[in-house]
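Using the UniProt record's numbering, you'd call the opening residue of the sequence shown number 1 and step up by one each time. The beta carbon of each residue, even a glycine, is placed where N, CA and C say it ideally should be. Keep in mind it's a predicted model, so treat the numbers as computed, not measured. Below is one structure, written out as structure tokens; comments come after it.
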Amino acid sequence: MNSGFTHITVLLEEAVEALAVRADGCYLDGTFGRGGHSRLILNHLGPDGRLLGFDKDPQAIATGQALAAEDGRFVIVQRSFAELGSQAQELASPTRQSCAAQ
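This is the structure in structure tokens:
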């Protein structure tokens, strides 16, 4: 069902710029939504970078699964933001020192 609502990502460039994305970094998008921030983060990541997306909404998950199919650096997880810590540890590479949350 389409309610006619269109999501507009605000402060997209500013938010991603503030992350100072490293090409080989590991990042978390705790509220993936429709992927606006995630897509821009992926544009800044190199081949060794990693991005984990979290959301509970089935539509967001479907969008995230399509993005994950296109880009192997991205993983979407249907979980609450509250579970981010435990799930991120499970999914992040053991060689990475830290992840930045958006």
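Inter-residue Cα distance where the pair is A82 and A23: Your numbering for residue 82 matches position 82 in the sequence shown. Your numbering for residue 23 matches position 23 in the sequence shown. Inter-residue distance for A82 and A23 is about 27 Å (C-alpha atoms, whole angstroms).
Among G46, L45, H37, E17, the one whose alpha carbon lies nearest that of G53: Translated into positions along the sequence shown, residue 53 becomes position 53. Of the listed residues, the one whose Cα sits closest to G53 is H37.
Residues bridged to Q78 [DSSP beta-bridge criterion]: For the purposes of this step, residue 78 is taken as the residue at position 78 of the sequence shown. The bridge partners DSSP lists for Q78 are D55.
Contacting residues, own chain, Cβ-Cβ under 8 Å from L84 (five flanking each side not counted): Indexing the sequence shown from 1 puts residue 84 at position 84. Within its own chain, the residues whose Cβ lies closer than 8 Å to the Cβ of L84, once the five positions on either side in sequence are excluded, are L28, G30, F54, A101, listed in chain order.
When I61, G49, L45 are compared against S80, the one with the closest alpha-carbon: Locating residue 80 in the sequence shown gives position 80, where the first residue counts as 1. Per the Cα distances, I61.
Contacts around D71, its chain only, beta-carbon distance under 7 Å, and the 5 residues preceding and following it disregarded: Taking the sequence shown and counting its residues from 1, the one referred to as residue 71 is at position 71. Excluding sequence positions up to five before and after D71, its CB lies within less than 7 Å of the CB of L42, all in the same chain and listed in chain order.
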